[in-house]
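FYI, the numbering for the sequence shown is 556 to 821, going by our numbering.
Ideal Cβ placement from N, Cα and C applies to all residues, glycine included.
Take a look at the structure below.
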Amino acid sequence: MRLSASPLPFETALSGSFLGASDARSAELDEDMDPMRVLLIDHQSTQCKTFNEGLERNGFTVDIVNGENAAANPVIAQDYALILLNSMRPGQDGFHAVRTIRRKTDAPLLVLTERDSVAARMAGLELGANDYLVKPFQFSELLARVKALARSTGVRPQPVLRLADLELDERRAKFSRDGTELALTRTEFTLLVVLLRNQRKVLSRSLLARRVWDTEFNARANSVDVAILRLRSKLDAPFESKLLHTVRGQGYVLEERPRPLSSKSE
(Lines of atoms letter the chains of each structure in order from A and count residues from 1; the text may use other names and numbers.)
(Lines give C-alpha, C1' and ligand atoms only; values in the text may rest on other atoms or scores of the structure.)
Protein backbone atom coordinates (compact mmCIF):
# COMPACT_ATOMS: atom_id res chain seq x y z
CA MET A 1 0.00 0.00 0.00
CA ARG A 2 1.41 3.38 -1.00
CA LEU A 3 0.66 6.66 0.73
CA SER A 4 1.95 9.95 -0.63
CA ALA A 5 2.83 12.67 1.84
CA SER A 6 1.23 16.04 1.26
CA PRO A 7 3.27 19.20 0.60
CA LEU A 8 4.19 21.24 3.67
CA PRO A 9 5.93 24.63 4.05
CA PHE A 10 9.60 24.71 4.96
CA GLU A 11 10.32 28.40 5.55
CA THR A 12 11.53 28.10 9.14
CA ALA A 13 15.26 28.62 9.76
CA LEU A 14 17.31 26.17 11.79
CA SER A 15 19.57 28.34 13.96
CA GLY A 16 21.07 30.24 11.06
CA SER A 17 20.68 27.46 8.50
CA PHE A 18 17.67 26.84 6.29
CA LEU A 19 15.90 24.07 4.49
CA GLY A 20 16.68 24.60 0.84
CA ALA A 21 14.62 23.55 -2.14
CA SER A 22 16.42 20.23 -2.42
CA ASP A 23 15.39 19.40 1.16
CA ALA A 24 11.77 20.47 0.68
CA ARG A 25 10.93 17.86 -1.91
CA SER A 26 7.88 15.70 -1.37
CA ALA A 27 8.56 12.19 -0.06
CA GLU A 28 6.63 8.96 -0.31
CA LEU A 29 6.44 6.19 2.25
CA ASP A 30 8.34 3.09 1.20
CA GLU A 31 5.86 0.48 0.05
CA ASP A 32 7.70 -2.26 1.96
CA MET A 33 8.23 -0.42 5.24
CA ASP A 34 6.03 0.72 8.09
CA PRO A 35 6.75 4.27 9.29
CA MET A 36 9.36 4.37 12.05
CA ARG A 37 8.39 6.09 15.29
CA VAL A 38 10.62 8.98 16.33
CA LEU A 39 10.37 10.88 19.61
CA LEU A 40 11.32 14.57 19.42
CA ILE A 41 12.27 16.28 22.70
CA ASP A 42 12.36 20.01 22.09
CA HIS A 43 12.08 23.27 24.05
CA GLN A 44 11.64 25.44 20.93
CA SER A 45 8.21 25.28 19.32
CA THR A 46 9.34 26.80 15.99
CA GLN A 47 12.14 24.31 15.42
CA CYS A 48 9.96 21.53 16.79
CA LYS A 49 7.34 22.19 14.11
CA THR A 50 9.98 22.24 11.37
CA PHE A 51 11.61 18.98 12.44
CA ASN A 52 8.21 17.34 12.79
CA GLU A 53 7.06 18.37 9.31
CA GLY A 54 10.34 17.35 7.68
CA LEU A 55 10.45 13.91 9.26
CA GLU A 56 6.79 13.16 8.54
CA ARG A 57 7.29 14.15 4.90
CA ASN A 58 9.96 11.48 4.75
CA GLY A 59 7.82 8.69 6.14
CA PHE A 60 8.44 8.87 9.90
CA THR A 61 5.79 9.02 12.59
CA VAL A 62 6.77 11.72 15.10
CA ASP A 63 5.72 12.12 18.74
CA ILE A 64 6.68 15.34 20.54
CA VAL A 65 7.34 16.22 24.17
CA ASN A 66 8.47 19.64 25.29
CA GLY A 67 8.90 21.81 28.35
CA GLU A 68 11.63 22.26 30.94
CA ASN A 69 11.33 18.67 32.25
CA ALA A 70 10.63 17.03 28.90
CA ALA A 71 13.44 14.50 29.30
CA ALA A 72 11.67 13.06 32.36
CA ASN A 73 8.40 12.43 30.49
CA PRO A 74 7.33 8.77 30.92
CA VAL A 75 6.48 8.51 27.21
CA ILE A 76 10.22 8.16 26.58
CA ALA A 77 10.07 4.57 27.80
CA GLN A 78 7.86 3.59 24.85
CA ASP A 79 9.21 1.69 21.83
CA TYR A 80 10.86 4.29 19.56
CA ALA A 81 13.21 3.72 16.65
CA LEU A 82 15.04 6.93 17.57
CA ILE A 83 15.01 9.85 20.02
CA LEU A 84 15.94 13.36 18.89
CA LEU A 85 17.03 15.73 21.66
CA ASN A 86 17.13 19.36 20.56
CA SER A 87 19.18 20.69 23.44
CA MET A 88 22.73 21.34 24.59
CA ARG A 89 22.70 25.11 24.09
CA PRO A 90 25.60 27.12 25.50
CA GLY A 91 24.98 27.65 29.20
CA GLN A 92 22.52 24.76 29.52
CA ASP A 93 23.21 21.40 31.12
CA GLY A 94 22.07 19.12 28.32
CA PHE A 95 24.07 16.31 29.89
CA HIS A 96 21.39 15.96 32.56
CA ALA A 97 18.80 15.35 29.85
CA VAL A 98 21.00 12.67 28.25
CA ARG A 99 21.41 10.92 31.60
CA THR A 100 17.66 11.06 32.28
CA ILE A 101 16.79 9.63 28.86
CA ARG A 102 19.32 6.83 29.18
CA ARG A 103 17.78 5.72 32.48
CA LYS A 104 14.46 5.20 30.69
CA THR A 105 15.36 3.72 27.29
CA ASP A 106 18.09 2.19 25.14
CA ALA A 107 16.70 3.72 21.93
CA PRO A 108 19.27 5.50 19.72
CA LEU A 109 19.74 9.10 20.85
CA LEU A 110 20.72 11.89 18.45
CA VAL A 111 21.53 15.21 20.12
CA LEU A 112 21.17 18.51 18.25
CA THR A 113 23.46 21.02 19.89
CA GLU A 114 25.18 24.38 19.63
CA ARG A 115 28.04 23.17 21.81
CA ASP A 116 30.66 22.23 19.25
CA SER A 117 33.62 21.57 21.54
CA VAL A 118 35.20 18.13 21.40
CA ALA A 119 35.04 17.88 25.20
CA ALA A 120 31.26 18.48 25.26
CA ARG A 121 30.60 15.92 22.57
CA MET A 122 32.87 13.34 24.22
CA ALA A 123 31.08 13.82 27.54
CA GLY A 124 27.68 13.41 25.93
CA LEU A 125 28.73 10.27 24.07
CA GLU A 126 30.11 8.77 27.28
CA LEU A 127 26.77 9.42 28.99
CA GLY A 128 24.92 7.50 26.29
CA ALA A 129 24.24 9.71 23.26
CA ASN A 130 24.76 7.84 19.98
CA ASP A 131 25.47 10.81 17.75
CA TYR A 132 25.74 14.60 17.70
CA LEU A 133 24.77 17.16 15.09
CA VAL A 134 26.11 20.67 15.64
CA LYS A 135 24.00 23.67 14.60
CA PRO A 136 23.60 25.21 12.11
CA PHE A 137 22.90 22.33 9.74
CA GLN A 138 20.83 21.46 6.67
CA PHE A 139 17.79 19.25 7.12
CA SER A 140 19.22 16.78 4.60
CA GLU A 141 22.09 16.03 7.00
CA LEU A 142 19.71 15.55 9.92
CA LEU A 143 17.58 13.19 7.83
CA ALA A 144 20.62 11.16 6.77
CA ARG A 145 21.76 10.71 10.38
CA VAL A 146 18.26 9.79 11.56
CA LYS A 147 17.97 7.12 8.86
CA ALA A 148 21.46 5.77 9.58
CA LEU A 149 20.83 5.45 13.32
CA ALA A 150 17.44 3.85 12.84
CA ARG A 151 18.88 1.36 10.35
CA SER A 152 21.86 0.48 12.53
CA THR A 153 19.68 -0.66 15.42
CA GLY A 154 17.29 -2.72 13.36
CA VAL A 155 14.41 -1.28 15.41
CA ARG A 156 11.16 -1.51 13.52
CA PRO A 157 7.65 -0.53 14.51
CA GLN A 158 5.28 -3.19 15.70
CA PRO A 159 3.24 -4.69 12.83
CA VAL A 160 0.08 -3.98 14.86
CA LEU A 161 -1.14 -0.39 15.27
CA ARG A 162 -3.66 0.41 18.01
CA LEU A 163 -5.93 3.16 19.29
CA ALA A 164 -8.14 2.28 22.25
CA ASP A 165 -9.87 -0.98 21.20
CA LEU A 166 -9.15 -0.39 17.49
CA GLU A 167 -6.40 -2.59 16.08
CA LEU A 168 -4.76 -2.83 12.67
CA ASP A 169 -2.74 -5.92 11.81
CA GLU A 170 -0.93 -4.72 8.69
CA ARG A 171 0.62 -8.10 7.95
CA ARG A 172 -2.85 -9.67 7.74
CA ALA A 173 -4.44 -6.46 6.39
CA LYS A 174 -7.24 -6.64 8.95
CA PHE A 175 -8.89 -4.08 11.23
CA SER A 176 -10.79 -5.01 14.38
CA ARG A 177 -12.58 -3.22 17.22
CA ASP A 178 -12.99 -4.89 20.58
CA GLY A 179 -11.95 -8.15 18.93
CA THR A 180 -14.56 -7.86 16.17
CA GLU A 181 -13.15 -7.79 12.64
CA LEU A 182 -14.33 -4.87 10.49
CA ALA A 183 -15.40 -5.63 6.91
CA LEU A 184 -13.96 -2.67 4.99
CA THR A 185 -13.72 -1.85 1.31
CA ARG A 186 -10.30 -1.06 -0.18
CA THR A 187 -10.98 2.69 0.05
CA GLU A 188 -12.23 2.46 3.63
CA PHE A 189 -9.19 0.40 4.61
CA THR A 190 -6.77 2.92 3.07
CA LEU A 191 -8.63 5.82 4.68
CA LEU A 192 -8.51 4.21 8.12
CA VAL A 193 -4.79 3.42 7.75
CA VAL A 194 -4.09 7.11 7.06
CA LEU A 195 -6.23 8.20 10.00
CA LEU A 196 -4.70 5.65 12.39
CA ARG A 197 -1.12 6.47 11.43
CA ASN A 198 -1.95 10.11 12.13
CA GLN A 199 -4.13 9.51 15.20
CA ARG A 200 -4.88 12.56 17.33
CA LYS A 201 -4.07 14.84 14.37
CA VAL A 202 -6.74 16.76 12.47
CA LEU A 203 -6.50 15.85 8.77
CA SER A 204 -8.07 18.16 6.21
CA ARG A 205 -10.29 16.94 3.39
CA SER A 206 -7.66 18.06 0.88
CA LEU A 207 -4.95 16.02 2.58
CA LEU A 208 -7.16 12.93 2.75
CA ALA A 209 -8.08 13.29 -0.93
CA ARG A 210 -4.41 13.33 -1.89
CA ARG A 211 -3.39 10.44 0.33
CA VAL A 212 -6.33 8.12 -0.30
CA TRP A 213 -7.41 8.94 -3.87
CA ASP A 214 -4.20 10.63 -5.10
CA THR A 215 -6.24 13.57 -6.32
CA GLU A 216 -7.19 17.11 -5.33
CA PHE A 217 -10.24 17.63 -3.13
CA ASN A 218 -13.44 18.46 -5.02
CA ALA A 219 -16.09 19.95 -2.74
CA ARG A 220 -18.85 19.21 -5.26
CA ALA A 221 -17.92 15.54 -5.58
CA ASN A 222 -17.99 15.21 -1.78
CA SER A 223 -16.12 11.88 -2.02
CA VAL A 224 -14.18 12.39 1.23
CA ASP A 225 -17.28 13.11 3.31
CA VAL A 226 -19.15 10.15 1.80
CA ALA A 227 -16.23 7.80 2.52
CA ILE A 228 -15.97 9.11 6.09
CA LEU A 229 -19.70 8.57 6.59
CA ARG A 230 -19.48 4.97 5.38
CA LEU A 231 -16.37 4.27 7.43
CA ARG A 232 -17.97 5.75 10.55
CA SER A 233 -21.00 3.46 10.14
CA LYS A 234 -18.69 0.45 10.46
CA LEU A 235 -16.07 1.84 12.83
CA ASP A 236 -18.20 3.71 15.37
CA ALA A 237 -21.92 3.00 14.97
CA PRO A 238 -21.88 -0.46 16.62
CA PHE A 239 -19.77 0.75 19.56
CA GLU A 240 -20.44 3.05 22.49
CA SER A 241 -17.03 4.73 22.30
CA LYS A 242 -16.64 6.87 19.17
CA LEU A 243 -13.18 7.29 17.61
CA LEU A 244 -13.75 9.15 14.32
CA HIS A 245 -14.65 12.80 14.89
CA THR A 246 -15.47 15.77 12.68
CA VAL A 247 -13.69 19.03 13.48
CA ARG A 248 -15.84 21.67 11.87
CA GLY A 249 -14.07 23.83 9.33
CA GLN A 250 -10.88 21.75 9.58
CA GLY A 251 -11.40 18.09 8.77
CA TYR A 252 -11.41 14.80 10.64
CA VAL A 253 -9.49 13.28 13.53
CA LEU A 254 -9.19 9.73 14.86
CA GLU A 255 -8.81 9.80 18.63
CA GLU A 256 -10.27 8.50 21.87
CA ARG A 257 -12.36 11.09 23.70
CA PRO A 258 -13.41 10.02 27.18
CA ARG A 259 -14.98 13.39 27.94
CA PRO A 260 -18.02 15.01 26.28
CA LEU A 261 -17.24 16.56 22.90
CA SER A 262 -16.81 20.32 22.61
CA SER A 263 -19.28 22.43 20.68
CA LYS A 264 -16.80 22.63 17.81
CA SER A 265 -16.75 18.91 17.15
CA GLU A 266 -19.27 16.25 16.36
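- Residue pairing of TYR807 in beta bridges, as defined by DSSP: LEU758 and THR801.
- Counting other Cβ atoms within 10 Å of its Cβ, SER788 stays below 16 and is therefore classed as exposed.
- When the Cα atoms are used, LEU716 and LYS690 turn out to be separated by approximately 35 angstroms.
- By the Cβ rule, the region 789-807 counts as touching the region 748-762, because three or more pairs are nearer than 8 angstroms.
- In the structure shown, the three-state DSSP call for ASP720 is coil.
- The shortest CA-to-CA distance from PRO813 to any of ASP661, LEU688, GLU795 and ILE656 is the one to GLU795.
- LEU637 sits away from VAL666, with the two beta carbons spaced by 8 angstroms or more.
- THR742 is not a Cβ neighbour of VAL779, given a cutoff of 8 angstroms.
- For SER759, the CB contacts under 6 angstroms within the same chain, skipping 5 residues up- and downstream, are GLY806 in chain order.
- Burial is judged here by how many other beta carbons sit within 10 angstroms of a residue's own beta carbon; THR770 has fewer than 16 and is exposed.
- In this structure ALA684 is not in contact with LEU698, their Cβ atoms being roughly 18 angstroms apart against a cut-off of 8 angstroms.
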